[in-house]
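Data first, discussion second: the structure below is written as structure tokens.
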Amino acid sequence: MPSPVHLRIANPHEKLETLLPQVESRMRDAAGSRAGFSESGEIGARSAAAYHLGAGGQRVRARLGLAAGLALGLSDNDVLCIATCAELMHNASLIHDDLQDRDHFRRGQQAVWAKYGGNIAICSGDFLLSAAYCALCTISQPAALPSLLALLHERTAMAIDGQCADLAGLDAQADGVGLYTKIVMAKSGALLGLPLELALLASGYEDAVPVARQACENFAVGYQIFDDMEDLVGDAERIDGGGNKRPALNIVLVSIQSQSRAAATLRARNLGLQHLALCESNAAKLPSGAGALLLGFSADMRRKLTGNLLRETR
Numbered sequence: 000m001p002s003p004v005h006l007r008i009a010n011p012h013e014k015l016e017t018l019l020p021q022v023e024s025r026m027r028d029a030a031g032s033r034a035g036f037s038e039s040g041e042i043g044a045r046s047a048a049a050y051h052l053g054a055g056g057q058r059v060r061a062r063l064g065l066a067a068g069l070a071l072g073l074s075d076n077d078v079l080c081i082a083t084c085a086e087l088m089h090n091a092s093l094i095h096d097d098l099q100d101r102d103h104f105r106r107g108q109q110a111v112w113a114k115y116g117g118n119i120a121i122c123s124g125d126f127l128l129s130a131a132y133c134a135l136c137t138i139s140q141p142a143a144l145p146s147l148l149a150l151l152h153e154r155t156a157m158a159i160d161g162q163c164a165d166l167a168g169l170d171a172q173a174d175g176v177g178l179y180t181k182i183v184m185a186k187s188g189a190l191l192g193l194p195l196e197l198a199l200l201a202s203g204y205e206d207a208v209p210v211a212r213q214a215c216e217n218f219a220v221g222y223q224i225f226d227d228m229e230d231l232v233g234d235a236e237r238i239d240g241g242g243n244k245r246p247a248l249n250i251v252l253v254s255i256q257s258q259s260r261a262a263a264t265l266r267a268r269n270l271g272l273q274h275l276a277l278c279e280s281n282a283a284k285l286p287s288g289a290g291a292l293l294l295g296f297s298a299d300m301r302r303k304l305t306g307n308l309l310r311e312t313r
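Every letter in the sequence shown is one number past the one before it in numbering that gives the first Met the number 0, and letter 23, counting from 1, is 22.
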């Protein structure tokens with residue numbers, strides 16, 4: 000499993016750090032203390048989910064939901080519902096993704112499938128997916144719940160479509176950057192934008208939801224391009240058939256078909272910077288500074304891409 004890209008965290012709202020532990024608590028509660036059919040509690044979807052959540056993470060989606068919701072004036076309870084929902088759905092996708100990619104490690108420990116087996120990993124991911132819907136049930140605006148649940152389904156379905164396109168082995172190497180971008184926007188952008196979109200919808204800013212979606216989709220592409228730069232050697236080995244992992248979709252390997260590796264790398268970085276600029280343009284348009292944290296993430300990623308570009312040209 001490649002090392003995750005770490006983002007510099009800058010909090011636009013002082014309450015964010017005090018609420019994050021409550022998100023963790025709600026996620027632990029969602030995993031539940033019951034052992035199901037196992038008296039020991041060592042086997043089953045619940046214990047596997049708790050094991051996965053216990054590894055921590057940057058909680059980027061929780062932070063985005065908290066920051067946006069607080070900026071928009073939502074209650075503490077409602078921003079916690081949104082942040083918890085988004086993190087649970089994201090973590091469900093990680094459990095399934097590790098199984099499909101045959102990645103043995105996640106966040107410094109064995110992936111769920113590697114520790115508990117593939118069948119338990121499927122059940123555990125499904126369990127967290129279901130818990131994500133439940134996380135919204137205590138929101139203080141019952142009238143908004145149908146639209147929030149519909150949005151949750153739409154973004155989850157979009158992420159699944161992107162994952163299926165990736166798993167299907169669509170020949171992005173032949174079809175080019177356009178297909179790569181479309182897959183990344185669906186696979187990664189949908190769930191990244193979910194907390195921002197939920198916060199806007201719950202705050203009555205329905206018209207701003209498409210703007211948030213575009214911002215997050217473009218950030219996802221910029222983020223993925225940087226990640227691809229870091230993982231280039233390992234991804235090339237996967238494309239060449241090494242190991243038991245499925246081939247990786249990598250922007251440099253997509254571009255390299257028609258040009259040298261150096262030219263493909265430069266093209267990929269420039270594309271990443273373009274998408275980050277689009278992200279920042281849209282994030283700045285969100286009401287009440289709801290996109291401030293995303294702006295910070297994008298600026299940090301832009302510095303990383305630019306720094307790598309300078310190193311390559313020295």
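Yeah, the Cβ is synthetic: ideal placement off N, Cα and C, and Gly gets one too. All of these numbers come straight from a predicted model, not from anything done at the bench.
So the alpha helix (DSSP H) E216 belongs to, where does it begin and stop?
To locate residue 216, count along the sequence shown from 1; it is residue 217. In the DSSP annotation of this structure, the continuous segment of the alpha helix (DSSP H) that includes E216 starts and ends at V208 to E229.
If F104 and A48 are in contact, beta carbons under 8 Å, what's the gap, nearest whole angstrom? Walking along the sequence shown from the start, residue 104 turns up at place 105. Walking along the sequence shown from the start, residue 48 turns up at place 49. That pair is no contact at about 17 Å.
Problem - Where R105 sits in the DSSP three-state scheme - result: Translated into positions along the sequence shown, residue 105 becomes position 106. Strand.
- [ ] Label H152 either buried or exposed according to how many other C-beta atoms from any shown protein chain fall within 10 Å of its C-beta, with 16 as the threshold for buried.
- [x] Locating residue 152 in the sequence shown gives position 153, counting from the first residue. Exposed, since its Cβ has fewer than 16 Cβ neighbours within 10 Å.
* **Per-residue DSSP class, three states only, for L293** => The residue labelled residue 293 in the question sits at position 294 within the sequence shown. Helix, per DSSP.
Report task. Can you grab the Cα-Cα spacing for the pair S202 / A29, in whole Å? Result -> In the sequence shown, the residue the question calls residue 202 occupies position 203. In the sequence shown, the residue the question calls residue 29 occupies position 30. Roughly 25 Å between the two C-alpha positions.
Item checked: C-alpha gap between V210 and T83, whole angstroms -> Locating residue 210 in the sequence shown gives position 211, where the first residue counts as 1. Locating residue 83 in the sequence shown gives position 84, where the first residue counts as 1. Their backbone Cα atoms lie some 22 Å apart in a straight line.
*Say whether the stretch 41-60 touches the stretch 271-279, bearing in mind that this needs 3 or more beta-carbon pairs closer than 8 Å, one atom from each stretch.*
Short answer: they don't touch.
message = Rounded to whole angstroms, what is the Cα-Cα separation between L166 and E229?
response = For this step, residue 166 is matched to residue 167 along the sequence shown. For this step, residue 229 is matched to residue 230 along the sequence shown. Each residue's alpha carbon lies about 21 Å from the other.
> F225 to A120, Cα distance in whole Å?
Replying inline: Here residue 225 is taken as the residue at index 226 of the sequence shown, counted from 1. Here residue 120 is taken as the residue at index 121 of the sequence shown, counted from 1. F225 and A120: Cα-Cα distance of roughly 28 Å.
Notebook entry, point to check: Exposed or buried, which one is L144 when buried takes at least 16 other CB atoms within 10 Å?
Noted result: Position 145 of the sequence shown, counted from the start, is the residue given in the question as residue 144. Under this definition L144 is an exposed residue.
Self-check item: S92, buried or exposed, once every other Cβ within 10 Å from all chains shown has been counted against 16
Solution: As a first step, residue 92 is located in the sequence shown; it is residue number 93 there, counting from the start. Buried, because 16 or more other Cβ atoms sit within 10 Å of the Cβ of S92.
Original post:
In its own chain, which residues sit with a C-beta less than 6 Å from the C-beta of L195, not counting the 5 before and 5 after it?
Top reply: Taking the first residue of the sequence shown as position 1, residue 195 is located at position 196. Excluding positions up to five away in sequence, the list reads L63, A67 and A211.
Contact under 9 Å by Cβ, A214 with S139 = Sequence index remark: in the sequence shown, residue 214 carries index 215 (1-based). Sequence index remark: in the sequence shown, residue 139 carries index 140 (1-based). Between A214 and S139, the CB-CB gap reaches or exceeds 9 Å.
Discussion item. For G288 and L19, what's the separation of their Cα atoms in angstroms?
Written reply: In the sequence shown, residue 288 corresponds to position 289, counting from 1. In the sequence shown, residue 19 corresponds to position 20, counting from 1. Whole-angstrom Cα-Cα distance: 20 Å.
- Below 8 Å on the Cβ atoms is my guess for Y179 versus L248; work out the distance and round it to an integer in Å. Here the question's residue 179 lines up with position 180 in the sequence shown. Here the question's residue 248 lines up with position 249 in the sequence shown. About 6 Å separates the beta carbons of Y179 and L248, which is inside the 8 Å limit, making them a contact pair.
**Message:** Quick check on T137: does DSSP put it in helix, strand or coil?
**Reply:** Position 138 of the sequence shown, counted from the first residue, corresponds to residue 137. Here T137 sits in coil by DSSP.
* **Runs of beta strand (DSSP E) wholly within the stretch 49-118 (minimum 3 residues, chain order)** => Correct list: empty.
| query | Which of helix, strand or coil does DSSP assign to S202? | reply | As a first step, residue 202 is located in the sequence shown; it is residue number 203 there, counting from the start. Three-state result, S202: coil.
Residue nearest to D160 in terms of C-alpha spacing, selected from G175, S297, G188 and C136: Taking the sequence shown and counting its residues from 1, the one referred to as residue 160 is at position 161. Closest in alpha carbon position to D160, among G175, S297, G188 and C136, is G188.
* Asked: P145 lies in the alpha helix (DSSP H); which residues open and close that run?
  -> Your numbering for residue 145 matches position 146 in the sequence shown. The continuous alpha helix (DSSP H) containing P145 extends over residues L144 to L166.
*Can you tell me the Cα-Cα spacing of I81 and R101, whole angstroms?*
Walking along the sequence shown from the start, residue 81 turns up at place 82. Walking along the sequence shown from the start, residue 101 turns up at place 102. When rounded, the distance between both Cα atoms is 30 Å.
Checklist line | Cβ separation of A61 and S123, assumed to be a contact under 8 Å, to the nearest whole Å | finding: Working through the sequence shown from its first residue, we reach residue 61 at position 62. Working through the sequence shown from its first residue, we reach residue 123 at position 124. With a beta-carbon spacing of about 19 Å, A61 and S123 fall beyond the 8 Å limit used to define contacts.
Q.
Is the beta carbon of A134 closer than 9 Å to that of L87?
A. Position 88 of the sequence shown, counted from the first residue, corresponds to residue 87. Position 135 of the sequence shown, counted from the first residue, corresponds to residue 134. Result yes, Cβ atoms of L87 and A134 sit closer than 9 Å.
### Query
Run through DSSP, which three-state label would K303 get?
For the purposes of this step, residue 303 is taken as residue 304 along the sequence shown, with counting starting at 1. Collapsing the DSSP output to three states places K303 in a helix.
Exercise. Ordered along the chain, which non-local residues of its own chain (more than five positions away) have a Cβ less than 8 Å from that of D77?
Worked result: Numbered from 1 along the sequence shown, position 78 holds the residue referred to as residue 77. So the qualifying residues of the chain are G68, I138, S139, Q140 and A201.
With a threshold of 16 other CB atoms inside 10 Å of the CB of K14, please say whether the residue is buried or exposed. Your numbering for residue 14 matches position 15 in the sequence shown. Label assigned to K14: exposed.
Pick out whichever of V176, R25 and E23 has its Cα sitting closest to the Cα of A267.
The residue labelled residue 267 in the question sits at position 268 within the sequence shown. The residue with the shortest Cα to Cα distance from A267 is V176.
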